[in-house]
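Worksheet for the structure shown next.
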Amino acid sequence: MRFTRFAHAAIAETASYLPERVVTTHALDPARAAELIRLTGVEARHVAADEQATSDLCIVVARSPLTPESVPTIDRVLVATVTPDHPSPATAPLVQHALGLAHVPAMDLSAACAGYVYALDLAARAVATGDRAVLVTAGECRFRTLTDAAPGVRVLFGDGATAARVVASGPLRIVATMLGADGSGHDQVRVAAGGSRLAASPATLAEGLHALRMADGPHVFYRAVEGFIALATTFLAALSLTPADIDLVVPHQANLRILERVARITRIPLERFVIVVDRYGNVGGASAGIALDHAWRAGRIQAGQRVLLLTAGAGYTAGAALLEAT
Amino acid sequence: MNEPSTTHRLVDELLLAIDAPPGEGPLELSSLAVVQLVDLIEASLGVIVSSHDITRENFATRASLRALLERWS
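Chains A and B are the protein sequences, given in the same order. Heads up: the first sequence runs through residues 89 to 414, numbered per my numbering. Heads up: the second sequence runs through residues 279 to 351, numbered per my numbering.
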């Protein structure tokens, strides 16, 4: 795990965007809806329109944290996603161009469901080395790729995007981050085909290898719980803090049952967790940012409070960040 | 360690609680059934089950479940 403290990095503003169309779990799988909701807690998710791709969601959401005054200060654009518009080129240049951010660097970042925190960490480093502001976006259009997925996988996911403008000084200070990865779990949650290991072909299409698959769903469930807990424990120890010092936990919205188990084992009351997975499903790398934006707009983050961002994703990847509201 | 009969009885009770099929054949538990079963095991034995033990093999049959529970009892 890589721990970093930041002296001068903050989130100036956040935003989130959920596409208009809502698909309930009952509509998705009437026969198994009750069982799937009991397993995941996901009752509905927003789904992108046919003509919308990930860049479109990121462009919509990124307009909010960009005021006319702030646009000229953006020195970098990051898009965290595992559902880019195309395998190549990256999605970020499309976002940069659409927003009129001429010639600033723009790149994608693939860290699965830890993508938002990975991107915040990178943005904080960029600000620490001279960038005036970094536009962080995370977005996913996952749902349309899940036609061939198992019902227990398909029910989990939704589409959406989030954005943050990261600057040197602002209302949500980025105090520290901790990032890590464990490639021993690389085959547990993945899209098998479409990359250089197994190029897209009629055979991969016929076998449904372009849908996200979990090798062993229950194992991944409990491994995710352990990942969240290990990350929180290690990060708080590095910060000389305890769970009692944290006012709000903003986790990756993996699955409501996972979050309930994390709360029970860590003895952090579930009321201190920001939970939107019931309404939006798992929005991959955008989930934590969407939850953070909702909490901030709802007034759940007050001056002086500490917010723990906690994410874990396929790969496996993990990322935590401590924010302090000023 | 529990006597085998105790473990037999506990496994039967736990599986009955989640409406698992009777007999010594494959249980073919759904993901939800596994999660519910783990909750019941933890409540019964006072343990936290590790992800290393959550495998298809360990939850495949009554015999494999008995072997798993005997390790913790």
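Glycine included, every Cβ here is placed at the ideal spot set by N, Cα and C. None of these values were measured; they are calculated from a predicted model.
Use the C-beta contact count for residue 339 (chain A): other C-beta atoms within 10 angstroms, 16 or more gives buried, fewer gives exposed. buried
Does any C-beta atom of chain B lie closer than 8 Å to the C-beta of residue 314 (chain A)? yes
Mind checking which residues open and close the beta strand (DSSP E) that includes residue 49 (chain A)? A query on residue 49 (chain A) cannot be resolved here, the shown segment of chain A reaching from 89 to 414 and no further.
Outcome for residue 390 (chain A) when other beta-carbon atoms lying within 10 angstroms are tallied against a minimum of 16: exposed
Simplified DSSP assignment, three categories, for residue 155 (chain A): coil
With DSSP run on the structure shown, which of helix, strand or coil describes residue 368 (chain A)? helix
Going by the DSSP bridge assignment, what does residue 205 (chain A) pair with across the sheet? In the DSSP output, where bridge partners are listed per residue, residue 205 (chain A) has none listed.
Inter-residue Cα distance where the pair is residue 289 (chain B) and residue 127 (chain A): 22 Å
DSSP puts residue 227 (chain A) in a beta bridge; with which residues? A:249
Residues of chain A with CB under 9 Å from residue 334 (chain B), in chain order? 304, 306 and 307
The region 217 to 228 of chain A contacting the region 154 to 167 of chain A, beta-carbon criterion three pairs below 8 Å: yes
Would you mind working out which of A:149, A:375, A:379 and A:367 sits nearest residue 360 (chain A), comparing C-alpha positions? A:379
Cross-chain neighbours of residue 342 (chain B) in chain A, by beta carbon under 7 Å: In chain order: nothing, as chain A lies at least about 14 Å away.
Closer than 8 Å, Cβ to any Cβ of chain A: which residues of the region 301 to 319 of chain B, in chain order? 308, 309, 310, 312, 313 and 316
Quick check on residue 104 (chain A): buried or exposed, where buried means 16 or more other Cβ atoms within 10 Å of its Cβ? buried
Rounding to the nearest angstrom, what Cα-Cα distance links residue 277 (chain A) and residue 135 (chain A) in this structure? 21 Å
If the cut is a Cβ gap below 8 Å, which residues of chain B does residue 425 (chain A) touch? Outside the shown range of chain A, which is 89 to 414, sits residue 425 (chain A), and nothing can be said about it.
Nearest-angstrom Cα distance between residue 100 (chain A) and residue 316 (chain B)? 43 Å
What does DSSP give as the partner residue(s) for residue 104 (chain A) in the beta ladder? A:250
Sort out for me which residues DSSP pairs residue 261 (chain A) with in a bridge. A:98 and A:412
Classify residue 361 (chain A) as helix, strand or coil using the three-state DSSP reduction. strand
In the DSSP assignment, find the unbroken beta strand (DSSP E) run with residue 188 (chain A) in it and report its ends. Run containing residue 188 (chain A): none; DSSP gives neither H nor E here.
Could you check which residue in B:292, B:349, B:324 and B:308 has the C-alpha nearest to that of residue 307 (chain A)? B:308
Would you kindly work out how many angstroms separate the C-alpha atoms of residue 255 (chain A) and residue 213 (chain A), rounded to a whole number? 10 Å
Return helix, strand or coil for residue 274 (chain A), following the three-state DSSP convention. coil
Using CA atoms only, rank isn't needed, just tell me which of A:116, A:395, A:92 and A:408 is closest to residue 88 (chain A). Outside the displayed span of chain A (89 to 414) sits residue 88 (chain A), for which this structure offers no information.
At least 3 beta-carbon pairs within less than 8 Å: the region 289 to 302 of chain A vs the region 326 to 344 of chain A: no
Three-state secondary structure (DSSP) of residue 160 (chain A): helix
Is residue 134 (chain A) helix, strand or coil by DSSP? strand
Identify the residues that DSSP records as bridge partners of residue 339 (chain A): which are they? A:398
Between residue 374 (chain A) and the rest of its own chain, which residues show a CB-CB distance below 7 Å, the 5 nearest in sequence each way excluded? 204, 226, 227, 228, 248, 249 and 250
Check whether chain B comes within 8 Å of residue 240 (chain A), counting only Cβ atoms and requiring the distance to be less than that. yes
Counting along the chain, where does the alpha helix (DSSP H) carrying residue 145 (chain A) start and finish? 142 to 150
For residue 199 (chain A) and residue 297 (chain A), the rounded distance between their alpha carbons: 20 Å
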